[in-house]
Amino acid sequence: MASCEIDDEFTFITELSEYLSLRYNRPASSIVTTLQHGVCIQFGGSCEPAYTIKIEALSHGVQAATNKRNIALLQRHMEQALGIPASRGYLRFHQGPKTKVE
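In structure tokens, the structure reads:
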């Protein structure tokens, strides 16, 4: 979710999906990306552009050390893509279901 308008949704979401595929070493076919933009987000007492990202992955993909590295890399990606600084982003990680999906 981003509080700014994204002019080229297709390019943004495609590049983000490709980036996540590389970061998590998963085929693009296993990455699901949704985008909500232009919403009102008050973050840290300000309505300046901000974003939230929720990552859901299998347990090995959401370990503390992995999360710490991925936070820094995803924040850098978002700053390059949208111009929103890391301090205006919120990332949360959630362990997905343990069942195998075929």
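The sequence shown runs 447 to 548 under our numbering.
Each residue gets a CB set at the ideal place from its N, CA and C atoms; glycine is no exception.
With distances taken between CB atoms, is the gap from R534 to P495 smaller than 8 Å? Inclusion of R534 and P495 in the CB contact set at 8 Å is warranted, their separation being smaller than that value.
Helix, strand or coil for Q521 per DSSP? helix
Extent of the continuous alpha helix (DSSP H) to which Y536 belongs: That residue, Y536, is in no alpha helix (DSSP H); its beta strand (DSSP E) goes 535-541.
Got a sec? Which residues, its chain only, sit under 8 Å from Q541 by beta carbon, not counting five neighbours each side? E502, A503, L504, S505, V508
S492 - partner residues in DSSP beta bridges: F489
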